[in-house]
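In this note's numbering, each residue's number is its place in the sequence shown (first place is 1) plus 73.
Glycine included, C-beta positions come from ideal geometry on N, C-alpha and C.
No experiment lies behind these values; they were computed from the predicted model shown.
One structure is given here, and the rest of the page talks about it.
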Amino acid sequence: MTTSFESSSWNSMRSPFASTIGTNHVPSMDEMLRLKALLAVPRTELNRLELEIARTQLVLDGLLRQKEKINNYIGAHQALMSPIRQIPSETLADIFVWCLPADRNAVRSLKEAPLLLTTICRNWRQVALDTPRLWNSLHIFLPPYLSDIAVSKRAIGVKTWLQRSGSLPLSISFHVKPLSGAPPTTTTTTMDFSDRLKLLIRTLVPFGHRFGNLFLSLPSENLRAFDDLLMCQFSILQSFRVRDANVFCGFFFHPPDPWNDGSHSARVPFAPLLTRMPALRRLQVAEISVGDGGHLTLPINWGLLTDLNLQGGDLMTDQCYGVRVTEAFDILRKTSNLQYLQIRITLIPDHPFEGTSLGMIHLPHLGSIRIKFISFQLDDHTIPAQVSSVFEYISPPSLKLLSVACYHPLPMGSALSGIPFHTLETLEIAMRMTSETLTGWLSCVPELTSFKFKDLGCPAGAESLFAFTNTFCDSHLLALTPSHDNPSPLCPKLTTFRMINHLPAETRISSSALLGFVLGRAPTLKTFDLFFDRDQLFAENDLIELRKLKRNGLQMRLHYAKYPLHAEEDLPSDGLHPRPNSQPPIMAHRISDMDGAFGTNRIV
């Protein structure tokens with residue numbers, strides 16, 4: 074047998090066995106001998122090539138090592154010429170400051186500035202340590218079960234951090250997670266929890282005179298521990314926020330009776346701290362219970378306040394207790410310099426309120442009002458009158474933002490005559506109303522640039538108090554859409570539109586109306602965000618066009634709530650893993666417009 078074809082080309086198609094290669098053919102004994110003879114030469118050639126490749130690989134590895142050494146040599150010297158090395162330390166420090174979180178205090182994490190900046194190189198570390206602006210804010214967290222050594226190290230770390238801030242005003246937030254259950258067996262401690270808490274508080278005492286912003290998030294029973302700070306005079310502190318960590322963490326909470334006689338109102342655990350804050354401008358008492366009339370007993374100079382946020386109660390269960398209407402009026406009468414107000418007002422059934430005896434309350438500097446009304450009897454006929462009275466007797470001529478949340482409808486009319494709707498730039502509504510009433514609201518705000526609406530629906534009929542239909546519908550989108558048939562649309566300056574529709578009923582919005590609105594507003598619309606309780610039956614062609622607009626830069630989202638699986642669904646893996654809770658959120662209106670209680674699914 075000749076092997077000329079093998080040496081010239083290793084081509085299986087020219088093999089004597091080409092017709093059987095790749096088939097299920099079983100070779101005979103004679104064919105087996107021919108196959109072995111046929112492969113002798115290619116096997117020898119393969120061995121030769123493998124040896125040649127091995128020798129070449131040795132040479133190549135040597136060349137690669139030499140290349141790596143040269144690259145490292147060049148890189149080491151080229152790094153000396155890096156432009157960032159030419160930046161003066163003062164400029165580098167300014168850049169570092171921009172790396173700090175903008176919406177909260179800095180945290181003790183090597184993944185974030187400022188600690189991250191100390192791990193890059195020796196020069197950056199020194200610049201970071203020498204820049205007081207990087208260290209004048211700090212969030213302190215105390216878990217319930219931490220060893221004595223860990224608490225002591227944390228106290229030393231807090232002291233070192235704040236010493237680096239020089240003489241700058243400080244922004245401090247202090248969160249203590251409530252005790253729950255038995256302590257872990259691995260925790261070794263001789264101090265009880267109050268001793269560990271006081272150790273951290275005593276660490277803060279030497280810096281108290283520099284506090285400019287203080288946020289305390291502690292269980293209400295631990296707020297008294299801050300009595301150690303009473304030796305401090307918070308002479309420059311302008312912002313104070315306090316909340317009950319029990320409420321924030323969702324622990325069962327017993328708010329006080331909002332209809333008590335006020336005899337316990339003076340026993341506010343954080344009140345002594347307020348006596349040491351002569352320059353206080355911004356006060357937030359949220360997620361914490363203050364007895365009826367207790368806010369008025371707070372020892373502060375109300376006339377200095379520019380920002381006030383009063384929202385007591387349990388936000389997890391929505392058992393929220395705010396201030397009564399009369400108490401709210403008494404507070405507003407003391408705060409003539411307010412610029413920002415956020416308040417939760419408790420509406421008491423059959424409350425004998427006589428607003429005419431109070432007179433008009435003038436708030437000349439008030440630019441933002443966020444107000445939520447809480448009532449405990451939704452069918453009480455006196456509630457709407459109480460809501461109207463709040464707006465009837467306040468006069469905020471500089472108002473630019475109005476946010477109202479209430480289960481009861483609030484019609485437009487003389488009761489709202491004190492609100493300058495014609496100059497409002499931001500309007501947020503979360504209340505039950507008819508479609509016609511909503512149109513009336515939108516007709517009164519020609520300067521509006523931002524609109525947010527939570528559709529709580531309107532009663533479907535007098536025969537049922539609990540059946541609702543959607544308020545917002547296609548007619549509103551059409552009224553807002555500029556077109557040949559609508560040359561003067563409502564809210565012509567609108568740039569931000571956000572709506573939360575949490576009713577399980579099918580929405581009264583069509584994809585064609587959505588597309589028409591977005592196209593009509595495309596030149597000026599910046600944000601368009603719609604959140605639904607359930608998936609919507611939208612035309613796919615319209616959704617395709619909306620997705621194109623999003624790809625072209627429009628900040629747009631159409632999304633809906635993602636609930637756990639229901640028990641009746643047929644899952645192949647059922648029984649292998651624990652089933653998630655199949656119930657939707659208890660308070661459906663609490664579905665976030667961002668992520669929802671269980672997340673969201675995206676439409677666009």
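My output table needs one value for residue i: the three-state DSSP class, helix, strand or coil.
i: methionine 629; result: strand
i: leucine 587; result: helix
i: serine 101; result: coil
i: threonine 480; result: In the sequence as displayed, the identity of residue 480 is tyrosine instead of threonine. If DSSP states are grouped into helix, strand and coil, tyrosine 480 belongs with coil.
i: isoleucine 434; result: strand
i: leucine 304; result: Rather than leucine, the amino acid found at residue 304 in this sequence is methionine. DSSP places methionine 304 in helix when its eight states are reduced to three.
i: aspartate 176; result: coil
i: valine 677; result: coil
i: leucine 381; result: strand
i: leucine 610; result: coil
i: isoleucine 229; result: helix
i: tyrosine 146; result: helix
i: lysine 250; result: coil
Can you check whether the CB of residue j is closer than 8 Å to the CB of residue i?
i: serine 508; j: leucine 563; result: no
i: threonine 379; j: leucine 411; result: yes
i: valine 358; j: isoleucine 418; result: no
i: phenylalanine 247; j: proline 217; result: no
i: phenylalanine 307; j: leucine 235; result: no
i: serine 471; j: proline 437; result: yes
i: isoleucine 444; j: serine 409; result: no
For residue i and residue j, what's the separation of their Cα atoms in angstroms?
i: phenylalanine 570; j: leucine 439; result: 24 Å
i: leucine 273; j: arginine 316; result: 19 Å
i: alanine 612; j: methionine 629; result: 17 Å
i: serine 655; j: lysine 635; result: With a pLDDT of only 42 at serine 655, under the threshold of 50, the placement of this residue in the model should not be trusted, and no figure is reported.
i: arginine 581; j: asparagine 543; result: 7 Å
i: leucine 188; j: isoleucine 309; result: 27 Å
i: alanine 223; j: tryptophan 171; result: 31 Å
i: phenylalanine 545; j: serine 556; result: 20 Å
i: aspartate 608; j: serine 584; result: 13 Å
i: serine 338; j: leucine 346; result: Low confidence applies to serine 338: its pLDDT is 40, below 50, so where it sits in the model is not reliable, and the reading given next is rough at best. Their Cα atoms are separated by approximately 16 Å.
i: phenylalanine 313; j: alanine 352; result: 11 Å
i: alanine 91; j: aspartate 103; result: 17 Å
i: serine 665; j: leucine 576; result: Reliability fails at serine 665, whose pLDDT of 39 lies under 50, so the model's placement of it is uncertain and no value is given.
i: leucine 194; j: glycine 148; result: At residue 194 the sequence reads cysteine, which differs from the leucine that was named. Those two C-alpha atoms are separated by around 16 Å.
i: leucine 383; j: serine 362; result: 10 Å
i: leucine 56; j: leucine 627; result: Examination of residue 56 is not possible in this model, given that the chain is present from 74 through 677 alone.
Buried or exposed: where does residue i fall if 16 or more other Cβ atoms within 10 Å of its Cβ makes it buried?
i: isoleucine 434; result: buried
i: proline 251; result: buried
i: glutamate 400; result: buried
i: valine 132; result: exposed
i: serine 155; result: exposed
i: alanine 113; result: exposed
i: methionine 86; result: exposed
i: threonine 673; result: buried
i: tryptophan 83; result: exposed
i: isoleucine 168; result: exposed
i: isoleucine 213; result: buried
i: glycine 135; result: exposed
i: aspartate 300; result: exposed
Would you say the beta carbon of residue i comes nearer than 7 Å to a heavy atom of the ligand FAD?
i: arginine 116; result: For the structure depicted, the ligand FAD is absent and the ligand set is empty, with no information on it obtainable.
Of the residues the options, which one's Cα is nearest the Cα of residue i?
i: glycine 285; options: Trp234, Ala228, Pro345, Ser210; result: Ser210
i: arginine 354; options: Leu414, Ala110, Asp365, Ala552; result: Leu414
i: glycine 366; options: Ala352, Arg397, Ser220, Asn382; result: Arg397
i: phenylalanine 343; options: Ala352, Thr370, Val320; result: Thr370
i: leucine 567; options: Leu215, Gly593, Leu588; result: Gly593
i: serine 240; options: Thr512, His632, His282; result: His282
i: arginine 682; options: Val180, Glu185, Gln199, Glu118; result: Coverage of the chain is limited to positions 74 through 677, which leaves residue 682 absent and any answer about it impossible.
i: threonine 191; options: Pro174, Ala166, Asp176; result: Ala166
i: methionine 105; options: Leu119, Pro89, Asn120; result: Pro89
i: isoleucine 160; options: Asn144, His150, Val200, Arg107; result: Val200
i: threonine 496; options: Val677, Tyr480, Cys479, Pro469; result: Pro469
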